[in-house]
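J.: Protein chains in written order, with our numbering: chain A, 45 to 473; chain B, 45 to 473; chain C, 45 to 473; chain D, 45 to 473. Where a beta carbon is used, it is the ideal one built from N, C-alpha and C, also for glycine.
There are 4 protein chains.
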Amino acid sequence: MIEAKPHGLTTDEGETVLQRYRRVRRATEELAEPLSPEDQLLQSMADASPVKWHLAHTSWFFETFVLAGLPGERPPRADYALVFNSYYDGVGPRIARDRRGLLSRPSLDEVRGFRREIDDRMAAWLDGDRIPADRAALVELGLNHEEQHQELILTDVKHGLHANPLAPVYRPEPAAADRSSAPAPALSWSSFDEHIAWIGASGTGFSFDNEQPRHRVLVPAFQIASRLVTAGEYLAFIADGGYRRPELWLSDGWAAARAADWRAPLYWDDAGGAWQVYTLRGARAVDPAEPVCHLSQYEADAFARWAGARLPTEFEWEVASAHRGADGALAESGALHPQPASSEVGPGPVQMFGDAWEWTQSAYVGYPGFHPAAGAVGEYNGKFMSGQLVLRGGSCATPRRHLRASYRNFFPPSARWQFSGVRLARDPR
Amino acid sequence: MIEAKPHGLTTDEGETVLQRYRRVRRATEELAEPLSPEDQLLQSMADASPVKWHLAHTSWFFETFVLAGLPGERPPRADYALVFNSYYDGVGPRIARDRRGLLSRPSLDEVRGFRREIDDRMAAWLDGDRIPADRAALVELGLNHEEQHQELILTDVKHGLHANPLAPVYRPEPAAADRSSAPAPALSWSSFDEHIAWIGASGTGFSFDNEQPRHRVLVPAFQIASRLVTAGEYLAFIADGGYRRPELWLSDGWAAARAADWRAPLYWDDAGGAWQVYTLRGARAVDPAEPVCHLSQYEADAFARWAGARLPTEFEWEVASAHRGADGALAESGALHPQPASSEVGPGPVQMFGDAWEWTQSAYVGYPGFHPAAGAVGEYNGKFMSGQLVLRGGSCATPRRHLRASYRNFFPPSARWQFSGVRLARDPR
Amino acid sequence: MIEAKPHGLTTDEGETVLQRYRRVRRATEELAEPLSPEDQLLQSMADASPVKWHLAHTSWFFETFVLAGLPGERPPRADYALVFNSYYDGVGPRIARDRRGLLSRPSLDEVRGFRREIDDRMAAWLDGDRIPADRAALVELGLNHEEQHQELILTDVKHGLHANPLAPVYRPEPAAADRSSAPAPALSWSSFDEHIAWIGASGTGFSFDNEQPRHRVLVPAFQIASRLVTAGEYLAFIADGGYRRPELWLSDGWAAARAADWRAPLYWDDAGGAWQVYTLRGARAVDPAEPVCHLSQYEADAFARWAGARLPTEFEWEVASAHRGADGALAESGALHPQPASSEVGPGPVQMFGDAWEWTQSAYVGYPGFHPAAGAVGEYNGKFMSGQLVLRGGSCATPRRHLRASYRNFFPPSARWQFSGVRLARDPR
Amino acid sequence: MIEAKPHGLTTDEGETVLQRYRRVRRATEELAEPLSPEDQLLQSMADASPVKWHLAHTSWFFETFVLAGLPGERPPRADYALVFNSYYDGVGPRIARDRRGLLSRPSLDEVRGFRREIDDRMAAWLDGDRIPADRAALVELGLNHEEQHQELILTDVKHGLHANPLAPVYRPEPAAADRSSAPAPALSWSSFDEHIAWIGASGTGFSFDNEQPRHRVLVPAFQIASRLVTAGEYLAFIADGGYRRPELWLSDGWAAARAADWRAPLYWDDAGGAWQVYTLRGARAVDPAEPVCHLSQYEADAFARWAGARLPTEFEWEVASAHRGADGALAESGALHPQPASSEVGPGPVQMFGDAWEWTQSAYVGYPGFHPAAGAVGEYNGKFMSGQLVLRGGSCATPRRHLRASYRNFFPPSARWQFSGVRLARDPR
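Here it is as structure tokens:
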């Protein structure tokens with residue numbers, strides 16, 4: 045089910061599996077570097093986890109799903125399953141999800157030691173060159189899993205630091221930072237005719253089980269927007285009473301907005317009379333040209349209705365993304381926030397990969413013929429196929445290598461702490 | 045958007061609109077007949093409404109969406125919008141949904157008077173024969189709306205009476221009732237090849253906006269079961285630890301089952317050591333041959349997984365239902381409970397219409413090109429297209445005329461108080 | 045523990061026990077007369093019960109605690125314990141308190157029949173004249189219990205009718221009603237020196253176990269106000285920011301006020317720009333001279349602090365009430381709402397009995413040497429001696445016979461649906 | 045209101061205020077020493093605070109209530125009021141109480157620096173010898189406040205570490221620890237006749253405002269137990285169905301016990317078939333001779349009822365404590381857990397001070413004539429006089445100097461995380 049040979053928007057050619065393993069693991073640790081042990085314990089809501097927990101859980105994953113079956117292998121800390129298992133019922137009981145912030149022990153130093161121990165064992169084994177295909181696939185799964193947690197580290201610590209009234213900063217803005225005031229390029233539409241499309245992973249590199257099987261879908265004619273919706277456009281929605289007009293909202297969305305008193309995207313604040321946005325580099329004025337993000341799907345949907353458009357289906361998005369490059373900001377850019385679209389790109393939609401995940405109207409369900417893998421690892425994706433919506437594309441917190449056109453991210457429609465934005469679609473005129 | 049000429053599984057040929065109006069309205073009132081004014085005030089949870097409220101709300105609907113625009117028309121009780129508007133934000137404020145059980149006033153007699161007043165006005169107008177097409181469509185919408193509330197009257201009062209420790213009965217079992225012990229017919233499968241199917245309302249009779257536009261869908265090859273899952277089959281699932289094995293459940297479903305301590309379908313009780321089921325005719329032993337019902341979609345999904353199958357998509361269901369008749373128990377049967385499948389029917393699936401609604405795996409979303417109607421009536425369906433799943437078919441509480449192959453019922457996956465059951469599907473072998 | 049010979053503010057001299065029984069029971073039924081069967085099913089919150097439930101529960105009480113031990117006695121409806129037992133764990137399981145509004149069955153007619161059946165049995169037995177003292181005490185307990193439920197019938201149905209946006213009326217204002225605009229008499233203070241007082245029931249008539257044992261208490265010097273706080277005085281508190289100034293409030297009170305967004309007493313509404321009050325006779329303008337009521341103890345305490353005073357202790361109140369008559373409005377007055385104090389009374393505090401219950405600062409705990417009765421009837425009072433505050437005096441909904449100086453009413457500090465008001469006290473100047 | 049000259053169970057004679065200040069502050073820091081920065085961020089429930097927060101808050105208290113009014117004084121970190129103000133509305137807005145665990149910043153190092161800065165300022169000022177009496181009283185208040193937080197540091201970190209499935213240890217048991225198996229001394233009773241007692245602070249040393257004014261109370265005759273209830277006695281209560289018998293419980297207590305599924309004191313666990321207790325030194329077998337602690341008042345009350353006794357009033361306790369020494373384990377003992385009573389002490393109750401706080405049946409309210417201090421410091425005690433019960437005595441986590449016979453501790457009846465135990469009282473036989 046899981047392909048052994050990795051691929052993504054960039055290739056890893058010339059790299060051994062061990063080199064790749066080391067590079068991905070190091071990238072995780074670099075994300076934790078600006079953070080104190082205390083910062084790395086923050087858990088500001090049940091959906092978010094402490095950074096330290098991410099560091100440990102990803103290591104536990106390699107131990108449990110890759111190393112555990114090797115001859116002579118015994119887990120260095122069997123009791124860690126109690127605290128670093130995320131949700132695998134097949135593996136056993138565990139700490140409640142909303143209690144991870146209480147894990148002052150093991151200490152960050154101990155967690156780092158645990159990571160090193162797992163890395164040493166992985167290295168000794170990957171160096172041996174006699175890796176069977178099924179285990180190689182699990183290594184690749186573990187690396188993609190780790191990349192997902194790299195993104196979560198950034199979104200979770202952003203949420204945690206923002207909960208502090210002192211509003212601490214993750215990384216300060218570089219001294220030379222200079223925010224231009226260029227407006228966003230005008231919005232245009234790309235049109236697609238009705239046709240039968242192949243949807244799902246191509247089979248030439250790694251993909252998750254939820255991207256499979258590749259199958260045929262009849263996609264009706266549609267149009268899709270040339271770029272993400274901007275903060276400026278969203279400000280117009282707010283100014284036009286967007287958060288006060290029930291006719292613009294889905295019933296559940298209106299209830300959620302009223303219950304939590306939403307008046308703007310998460311991290312926006314107009315306390316001082318002008319809209320500020322809290323970013324991983326601190327608070328600053330909202331730039332009208334930058335993509336709006338940290339929206340729930342309910343808000344994305346209401347905005348689209350207000351704009352006379354709609355959210356795309358995930359199939360439309362996948363069709364439209366064919367042959368598009370990764371021109372948006374990804375994790376490697378160090379931007380840590382979505383960037384305005386360039387006005388210099390040619391025809392066809394831009395920002396398809398990067399900047400902000402794009403909410404679709406598609407429920408997250410299995411493709412025809414979908415079957416999860418056998419064993420506990422089969423809990424990875426399948427059991428979440430209820431109550432969630434698909435997001436496509438990738439964000440400024442996603443590693444470049446992690447993405448591909450068939451990639452399906454998914455969150456409940458009320459979730460706002462991810463870098464989630466909007467691309468409009470509409471029926472042909 | 046709404047077709048003026050009604051159709052369903054049976055035709056109404058030879059009937060005038062007024063005759064049809066009177067027949068549908070009378071059917072509603074007959075459902076209330078066994079119930080005291082106190083019974084008709086019961087509201088046992090926010091999802092259910094008092095019978096009296098259903099009687100009044102359906103009348104308010106005709107006043108508000110049909111009569112209100114007529115020359116000289118003034119609502120007989122303008123203040124009733126405060127208490128009998130269900131969810132139309134475009135019409136104004138209203139009592140909270142979970143407070144409808146506090147409407148001791150207007151009294152049942154006053155509500156009946158209100159119904160009569162609306163009926164008189166409707167009759168005077170429908171008798172006039174100069175009804176424009178758009179208003180005729182709204183009459184038809186009002187009648188279909190009323191039929192939906194007929195079903196809700198039965199499901200809501202069942203839930204309300206069951207909340208009483210004295211377990212009162214809606215209608216006693218007829219004296220001659222004789223429950224046979226014939227086993228259910230063996231399960232078999234019908235196979236369908238991949239093809240492009242037309243999905244949605246045909247346009248030759250009434251349909252709701254959510255069945256439109258009719259459009260083409262590529263439906264992969266599939267198999268569908270010959271009848272509904274039986275109580276006996278479900279007992280085997282329970283006996284095999286179905287409610288104790290997380291690997292059988294979606295993550296949200298497992299959480300819901302644990303939170304509410306589900307151990308059997310709603311209305312089942314094994315307090316005495318043998319499974320009893322509470323029905324509108326009182327409690328009695330579970331009949332292994334009858335369809336299991338009052339399941340959440342989570343339970344339906346877990347059962348299907350346990351059985352090595354899956355739930356159908358709504359498209360598969362619609363394809364399979366073509367040319368199938370209404371051989372299941374419908375409201376007109378007076379059965380008030382799903383009935384065992386007959387063992388004498390020929391090839392092809394039975395019980396497609398009636399007995400119990402059939403959970404699908406399809407999220408309730410708009411069809412390509414869907415647009416709700418203008419004005420408050422546009423809130424009828426569209427704003428609920430989030431977080432709900434489609435059910436197909438119909439139940440023992442649905443009027444025969446109300447159903448058709450394209451009909452889309454929808455409820456959240458946790459809902460259990462409807463007559464909701466399971467038909468299995470699977471990928472081709 | 046419970047005295048057989050009844051007393052109160054009026055004597056029942058010349059009445060046989062049977063005559064008294066009939067009079068009290070009839071008074072309960074008269075309270076229900078203006079209400080339809082539907083009205084009598086209303087339950088607008090867990091603390092309130094349907095009127096029909098009160099009718100049945102009080103009858104069940106006589107059956108369970110008086111008749112049940114008689115030779116040959118069998119309860120007419122043994123299953124009613126499931127639905128009409130209030131909180132006696134010693135008697136067995138029962139419907140959840142907040143589900144009593146779901147008891148459409150037994151019908152009101154059946155409940156009336158049940159009352160008649162109990163009344164017939166009681167009459168047959170009370171007529172026999174061979175009543176042992178312990179059972180006579182239980183009859184008296186049952187009658188006092190019934191009188192408590194008479195008050196609850198009024199407060200509960202008021203809450204239930206008020207929940208209806210149509211704001212129905214319990215009893216219309218008499219045609220001749222003419223609200224005078226006389227101002228309330230000026231507030232003065234009565235002074236008491238430190239002394240040792242006897243507190244608790246005198247033993248010459250009926251009293252509840254929580255008024256016993258009579259015991260000595262050292263009561264420091266204090267002053268007490270001549271009348272209840274008026275609506276006009278409370279309006280000044282509101283106008284002075286009373287609901288916006290945390291320094292006036294107890295910590296729990298401030299939290300409760302913020303959580304429920306209290307801005308005025310329960311049943312007050314300034315939607316139209318002028319304060320209206322909802323009463324059992326409908327909504328009308330607030331009369332500045334009438335006592336403020338439907339306050340929580342938190343509000344009473346905050347008002348007292350704002351006024352430079354404090355709430356009395358229950359001992360101070362009992363001392364001050366000696367030799368005061370029942371000059372306030374009681375149930376027999378038919379006023380159904382607290383009335384302005386008369387300006388014509390002589391020295392000494394007025395309104396000590398009637399109009400509105402008076403919050404004290406005293407926690408509801410047992411007196412020294414308190415022991416509840418043996419058996420389930422011992423659950424009557426004792427188990428509630430935690431988390432509640434004592435109120436003294438009586439209200440416009442209390443029967444005259446029910447009250448005495450030692451009477452202890454009790455509710456949680458957040459409760460507002462009783463006729464609860466404020467009398468100020470202060471330390472000597 | 046607050047006396048300038050400190051006293052307690054031990055005298056501080058010969059110490060300057062500065063020496064005392066330094067000693068108390070140092071003691072706080074020693075409590076934090078075994079804990080990592082991550083441990084010091086733990087907040088396992090809203091009632092508990094992180095150790096780091098305690099370190100900072102107590103310093104903020106000196107800055108705000110002592111230093112702030114001095115000429116030229118400016119707070120070193122004005123923004124710390126946002127995060128280290130506990131509940132003083134008069135000082136301004138602040139972080140929600142249940143979010144203190146999200147304060148990864150300021151770091152522990154920064155908080156230590158803040159403490160040093162405050163200490164330097166206090167030292168410079170206290171060294172000057174021209175301290176006016178009102179400020180000296182505030183210094184003493186600040187030191188007593190700090191001692192209260194010393195106890196909270198231990199109870200809060202115990203709760204936080206216990207939330208970790210790995211059950212880390214605060215301080216390991218000393219190598220030589222040897223738990224004897226001596227049984228507890230037999231229980232006996234001391235008798236007191238009815239008399240008028242002086243209750244409240246004597247005025248010869250520091251006391252909190254809630255111990256004042258000293259006043260006369262008539263205390264009826266009573267008997268009080270010679271020692272705390274032991275774990276062995278509590279085990280008998282459990283074995284006798286104590287947690288399953290509603291007749292033993294107050295109504296609110298039974299509801300709380302059922303809602304949280306209490307089956308034993310907090311920190312007790314019988315998972316392995318034998319009762320274990322989690323202590324600050326790790327988990328070990330329950331010693332039947334040691335005092336039971338970590339009980340709610342509801343459990344203490346139920347136990348007393350089961351034992352045919354009752355909880356003492358706070359006045360009884362204060363009368364009984366006269367002339368009793370501090371023979372129980374206090375913070376200075378390093379025991380970190382209540383210790384068995386010695387069998388060698390003479391007549392009169394032992395363990396009155398130390399080992400475990402003793403729940404009383406007395407509501408926490410102001411004494412006659414009580415007035416809080418002017419300004420924000422007046423919020424210290426008074427606004428909590430609602431819904432809480434008084435505990436008397438002191439515990440193994442209380443500094444010896446902090447206690448006196450008139451000391452009133454207070455918590456809601458449901459609180460279990462303090463070192464709260466039971467001493468029985470009863471009416472004379």
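#1: Along the segment 67-86 of chain B, what residues have a CB closer than 7 Å to any CB found in chain C?
#2: Less than 7 Å between CB atoms is the rule here; does Leu53(D) satisfy it with respect to chain A?
#3: In chain order, what residues of the segment 136-149 of chain C put their CB closer than 7 Å to some CB of chain B?
#4: Would you grab the beta carbon distance between Phe347(D) and Gly286(D) for me? Rounded to a whole angstrom, and I think it's under 8 Å.
#5: Candidates Arg445(A), Phe454(A), Ile175(A), Tyr322(A): which alpha carbon is nearest Phe250(A)'s?
#6: Output needed in chain order: residues of the segment 258-273 of chain B with a Cβ under 7 Å from some Cβ in chain A.
#7: Looking at C-alpha atoms only, which residue of Met89(B), Ala420(B), Arg467(B), Glu107(B) is the closest neighbour of Leu187(B)?
#8: At which residues does the alpha helix (DSSP H) containing Val95(D) begin and terminate?
#9: Anything in chain D within Cβ reach of Met429(C), meaning under 7 Å, just list it in chain order.
#10: Using a Cβ-Cβ cut-off of 7 Å (strictly less than) and excluding sequence neighbours within five positions of Asp471(B), which residues of its own chain qualify?
#11: Spell out whether any CB of chain B is found under 7 Å from the CB atom of Asn425(C).
#12: Can you name, in chain order, every residue of its own chain whose Cβ lies under 6 Å from the Cβ of Ala373(C), other than the five neighbours on each side?
#13: Strictly under 7 Å for the Cβ-Cβ distance: is Asp471(C) near chain D by that measure?
#14: Report whether the distance from the Cβ of Ala315(D) to the nearest heavy atom of the ligand PLP is below 6 Å.
#15: Within the 7 Å Cβ cut-off, does Gly413(D) reach chain C?
#16: Leaving out five residues before and five after Asn453(C) in sequence, what residues of the same chain have Cβ atoms less than 6 Å from its Cβ?
#17: Within the segment 271-308 of chain A, note down every full alpha helix (DSSP H) run reaching 4 residues or more, in order along the chain.
#18: Checking contacts by CB at 7 Å: is Pro475(D) closer than that to chain A?
#19: Confirm, please, whether the CB-CB distance from Leu433(C) to Pro335(C) is below 7 Å.
#20: Within 7 Å (strictly less), CB to CB, does Ala407(D) reach chain C?
#21: Excluding five sequence neighbours on each side, which residues of the same chain lie with their C-beta closer than 6 Å to the C-beta of Ser406(D)?
#22: With a threshold of 7 Å on Cβ separation, who are the neighbours of Trp298(C) within its own chain once the five nearest residues in sequence on each side are excluded?
#23: What does DSSP give as the partner residue(s) for Trp401(B) in the beta ladder?
#24: Around the Cβ of Met429(D), are there at least 16 other Cβ atoms within 10 angstroms (buried) or fewer (exposed)?
#25: Taking Cβ positions only, does Glu59(C) come closer than 7 Å to chain B?
#26: Who are the neighbours of Ser88(A) on chain D, taking C-beta pairs under 7 Å?
T.: By the coordinates alone:
#1: Ser80, Pro81, Glu82, Asp83, Leu85, Leu86
#2: The sequence position of residue 53(D) within the fourth sequence is 9, counting from 1. Residue confidence is low: Leu53(D) scores 49 on pLDDT, short of 50, so the model does not pin down where it sits. No coordinate-derived value is stated.
#3: Ile139, Arg143, Gly145, Leu146, Leu147, Ser148, Arg149
#4: The count along the fourth sequence starts at 1 and reaches residue 347(D) at position 303. The count along the fourth sequence starts at 1 and reaches residue 286(D) at position 242. 7 Å between Cβ atoms; contact.
#5: Here residue 250(A) refers to the residue found at position 206 when the first sequence is read from its first residue. Nearest C-alpha to Phe250(A): Arg445(A).
#6: His259, Arg260, Val261, Leu262, Pro264
#7: The residue given as residue 187(B) occupies position 143 in the second sequence. Residue Glu107(B) is the option with its Cα nearest to Leu187(B).
#8: On the fourth sequence, residue 95(D) is found 51 positions in, with the first residue counted as 1. 95-106 is the extent of the alpha helix (DSSP H) around Val95(D).
#9: Looking up residue 429(C) in the third sequence gives position 385. By Cβ distance, chain D contributes Leu294.
#10: Your numbering for residue 471(B) matches position 427 in the second sequence. For Asp471(B), where only same-chain residues beyond five positions count, the Cβ hits under 7 Å are Phe266.
#11: For the purposes of this step, residue 425(C) is taken as the residue at position 381 of the third sequence. With 7 Å as the cut-off, Asn425(C) does not count as an interface residue toward chain B.
#12: Position 329 of the third sequence, counted from the first residue, corresponds to residue 373(C). Closer than 6 Å at the Cβ level, and outside the excluded window around Ala373(C), lie Ala379, Gln383, Gly398, Asp399, Cys440.
#13: On the third sequence, position 427 is the one that residue 471(C) refers to. It does: the Cβ of Asp471(C) has a partner Cβ on chain D nearer than 7 Å.
#14: In the structure on display, the ligand PLP does not appear, and there are no ligands present to speak of.
#15: Position 369 of the fourth sequence, counted from the first residue, corresponds to residue 413(D). Yes - at least one Cβ of chain C is within 7 Å of the one on Gly413(D).
#16: Counting from one through the third sequence, the residue named residue 453(C) turns up at place 409. The residues Trp401, Leu435, in chain order, have a CB closer than 6 Å to that of Asn453(C) in the same chain once the five nearest residues on each side in sequence are set aside.
#17: 275-283, 295-304
#18: Residue 475(D) lies beyond the stretch modelled for chain D, which goes from 45 to 473, so this question has no answer here.
#19: Start at 1 with the first residue of the third sequence, and residue 335(C) comes out as number 291. Start at 1 with the first residue of the third sequence, and residue 433(C) comes out as number 389. Against a cut-off of 7 Å, the Cβ pair of Leu433(C) and Pro335(C) comes out as no contact.
#20: Residue mapping note: residue 407(D) aligns to position 363 of the fourth sequence, counting from 1. Ala407(D) counts as touching chain C.
#21: For the purposes of this step, residue 406(D) is taken as residue 362 along the fourth sequence, with counting starting at 1. Shown here for Ser406(D): same chain residues with a beta carbon closer than 6 Å to its own, the five before and five after excluded, namely Thr357, Glu358, Val434 in chain order.
#22: Counting from one through the third sequence, the residue named residue 298(C) turns up at place 254. Counting only Cβ-Cβ distances below 7 Å, and skipping sequence neighbours, we find Pro290.
#23: Locating residue 401(B) in the second sequence gives position 357, where the first residue counts as 1. Bridge partners of Trp401(B): Ser464(B).
#24: Looking up residue 429(D) in the fourth sequence gives position 385. Classification of Met429(D): buried, given that the 10 Å Cβ count is 16 or more.
#25: Working through the third sequence from its first residue, we reach residue 59(C) at position 15. Not an interface residue.
#26: Counting from 1 along the first sequence, the entry for residue 88(A) is found at position 44. Under the 7 Å cutoff, chain D gives Leu146.
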